[in-house]
Structure formats: structure tokens, C-alpha cells
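Order-wise, the sequence lines are chains E and W. In this text, residue positions in the first sequence follow our numbering: the first is 1, and each later residue adds one. In this text, residue positions in the second sequence follow our numbering: the first is 1, and each later residue adds one. Backbone N, C-alpha and C define an ideal beta-carbon position, used for all residues, glycine too. Keep in mind the model is a prediction, meaning the values are calculated, not measured. Everything on this sheet refers to the single structure shown next.
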Amino acid sequence: DAGVIQSPRHEVTEMGQEVTLRCKPISGHNSLFWYRQTMMRGLELLIYFNNNVPIDDSGMPEDRFSAKMPNASFSTLKIQPSEPRDSAVYFCASSLTSGGAETQYFGPGTRLLVL
Amino acid sequence: SQKIEQNSEALNIQEGKTATLTCNYTNYSPAYLQWYRQDPGRGPVFLLLIRENEKEKRKERLKVTFDTTLKQSLFHITASQPADSATYLCALDAGAGGYNKLIFGAGTRLAVHP
Numbered sequence: 001d002a003g004v005i006q007s008p009r010h011e012v013t014e015m016g017q018e019v020t021l022r023c024k025p026i027s028g029h030n031s032l033f034w035y036r037q038t039m040m041r042g043l044e045l046l047i048y049f050n051n052n053v054p055i056d057d058s059g060m061p062e063d064r065f066s067a068k069m070p071n072a073s074f075s076t077l078k079i080q081p082s083e084p085r086d087s088a089v090y091f092c093a094s095s096l097t098s099g100g101a102e103t104q105y106f107g108p109g110t111r112l113l114v115l
Numbered sequence: 001s002q003k004i005e006q007n008s009e010a011l012n013i014q015e016g017k018t019a020t021l022t023c024n025y026t027n028y029s030p031a032y033l034q035w036y037r038q039d040p041g042r043g044p045v046f047l048l049l050i051r052e053n054e055k056e057k058r059k060e061r062l063k064v065t066f067d068t069t070l071k072q073s074l075f076h077i078t079a080s081q082p083a084d085s086a087t088y089l090c091a092l093d094a095g096a097g098g099y100n101k102l103i104f105g106a107g108t109r110l111a112v113h114p
């Protein structure tokens, strides 16, 4: 099992540019989560998908952030336009079901630096 | 307000000793709590889950307790090894809409010295 795959692993961009982060969840998992991790705020949930449908996007910071899941094996998180305060590590995680007490499996993360 | 607190300072212990990490929470009523390990440059990895009706859970050298009265979970690593050095995150069930929404603590960095 390849685990959750994220790309790119590192991204450096300039303020104002569009950034697209990609995630491939574990095959057969029907729940997908996007998180952001910073020293100041820790690990924060941005958005949750169940069966490719966004269920909870209350953690998305603002309209500059958008996420899609066009099929069960692919999701994107887009930031447009990017700002220096968006610099963080972005993690994608998946779980088998959406039921309670399910383990979440995290990808290796994308380290984003916005200059 | 809702809060999850873990030891903010790093925990330094000698190899072979027991490491005890604390997770306290306020204004939550989690049905379960999970512990994850995170190594530098990697994503968190699940270790243990304990439910509200369980007092204690063990897995090899790991033990977790959950006291819903004190609103606290303790995470123990017995016979610690340098390879146990990592950041440990507690995560609790936010009870949101029936899905496994987790709220994570800031983590405690553990350093086990030979």
C-alpha cells in the first residue's frame, strides 16, 4: 500500500501567485481531510470530504482557498492569490469511513513558502 | 472557550525510563481520543485510540489513560528508547456531525537520551 501521496513536497512561490497542492488518498478510503500546520496554530482542519463531496469547510480561512475532489482518488487544494501568511505545511489525510473513531492516515505533507 | 493543552516544553528523559505526556482539554466532551506520533518532515502517524468508556489502553510499550472527569489523557512510553524521540500529538473527537473530526493539540516534543 502506497499510503497517502501528496505533491509537490516543497513549493516556493511569490506573493500573488496561484498555488495548487495535490493529494491521492489511500485506495478504498472514502473520507479525505486537508490540514494546515504552523508553529503558531498547530494542526488545523481546513476541509473534509466524504465520498468526494465537501461536508465541512468551516476551517477554510478565506475565499482565497478552495478545494476540490473530482473523483475518489484525487483532491486539490488551491490558494489564489497566495500570501506570505499562507506559508505552512499542508497535509492531506484519508480514512476508511466517516464513522466515529476512525484512524486518519496522513500524507508526507507539502511545505509551502510564499515570499 | 474550547482548548486542548499539551506540555508546551520538550520532555527530556534518559533511555530506559518511562515518559509520561499529558493532554488536557476544556469545553469538549469527546467520545474518544487518539494519540499520534510525528517525526520531523513527516505527517502524523496513528498510535492509539481510547474511548470515553475505557480507562486504559495498552499497545506494546505504550499505555494511554483517559479520565473524563479530570478531562485528561496521559500517554506513557515505558522502557523508552532514543528511537521514541518525536513529537506526540493528542487529538480528540470534536463531535461534529457524526464524522471523525479531530481537533489536535499542539504536541509535545520528546527527546530520549542514551
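Establish whether the CB of residue i and some CB of chain E are separated by less than 7 angstroms.
| i | result |
| --- | --- |
| Pro44/W | yes |
| Asn100/W | yes |
| Phe75/W | no |
| Ala10/W | no |
| Tyr88/W | no |
| Tyr25/W | no |
| Tyr32/W | yes |
| Ala106/W | yes |
Taking 7 angstroms as the CB-CB cut-off, is residue i touching chain W?
| i | result |
| --- | --- |
| Ala2/E | no |
| Thr20/E | no |
| Pro108/E | yes |
| Phe91/E | yes |
| Glu116/E | There is simply no residue 116/E to check, as chain E begins at 1 and stops at 115 in what is shown. |
| Glu83/E | no |
| Thr103/E | yes |
Could you have a look at residue i and say whether DSSP puts it in helix, strand or coil?
| i | result |
| --- | --- |
| Pro40/W | coil |
| Arg85/E | helix |
| Pro70/E | strand |
| Pro114/W | coil |
| Asp63/E | coil |
| Arg9/E | coil |
| Ser75/E | strand |
| Pro30/W | coil |
| Asp56/E | strand |
| Gly42/E | strand |
| Gln6/W | strand |
| Ile13/W | strand |
| Leu96/E | coil |
Taking C-beta pairs closer than 8 angstroms, name the residues in chain C that residue i reaches, listed in chain order.
| i | result |
| --- | --- |
| Ser95/E | In the structure shown, chain C does not exist; the protein chains are E and W. |
Quick one: which residues of the segment 37-70 of chain W get their C-beta closer than 8 angstroms to a C-beta of chain E? List them in chain order.
Under the 8 angstroms Cβ criterion, the segment 37-70 of chain W contributes Gly41, Arg42, Gly43, Pro44, Val45, Phe46, Leu49, Arg51.
Across the segment 65-76 of chain E and the segment 25-35 of chain E, are there enough close Cβ pairs to call them in contact, namely three or more that are closer than 8 angstroms?
Judged by Cβ distances under 8 angstroms, the segment 65-76 of chain E makes contact with the segment 25-35 of chain E, as three or more pairs qualify.
Of all the residues that make up the segment 40-67 of chain E, which are near chain W by a beta-carbon distance shorter than 9 angstroms?
Under the 9 angstroms Cβ criterion, the segment 40-67 of chain E contributes Arg41, Gly42, Leu43, Glu44, Leu45, Tyr48, Asn50, Ile55, Asp56, Ser58.
Complete runs of the beta strand (DSSP E) confined to the segment 62-87 of chain W [at least 3 residues]
Listed in chain order, they are 62-67, 72-77.
Inter-stretch contact at 8 angstroms, needing at least 3 Cβ pairs: the segment 23-39 of chain W / the segment 85-97 of chain E:
No: the two stretches stay apart, fewer than three of their Cβ pairs being nearer than 8 angstroms.
Does the segment 31-46 of chain W come close enough to the segment 69-87 of chain W to have 3 or more Cβ pairs within less than 8 angstroms?
The answer is yes - the segment 69-87 of chain W touches the segment 31-46 of chain W, with three or more Cβ pairs under 8 angstroms.
Give a yes or no on contact between the segment 26-43 of chain E and the segment 100-110 of chain W, applying the rule of three or more CB pairs nearer than 8 angstroms.
Yes, the segment 26-43 of chain E is in contact with the segment 100-110 of chain W.
Any contact of the segment 49-63 of chain E with the segment 100-109 of chain E, i.e. 3+ C-beta pairs under 8 angstroms?
No: the two stretches stay apart, fewer than three of their Cβ pairs being nearer than 8 angstroms.
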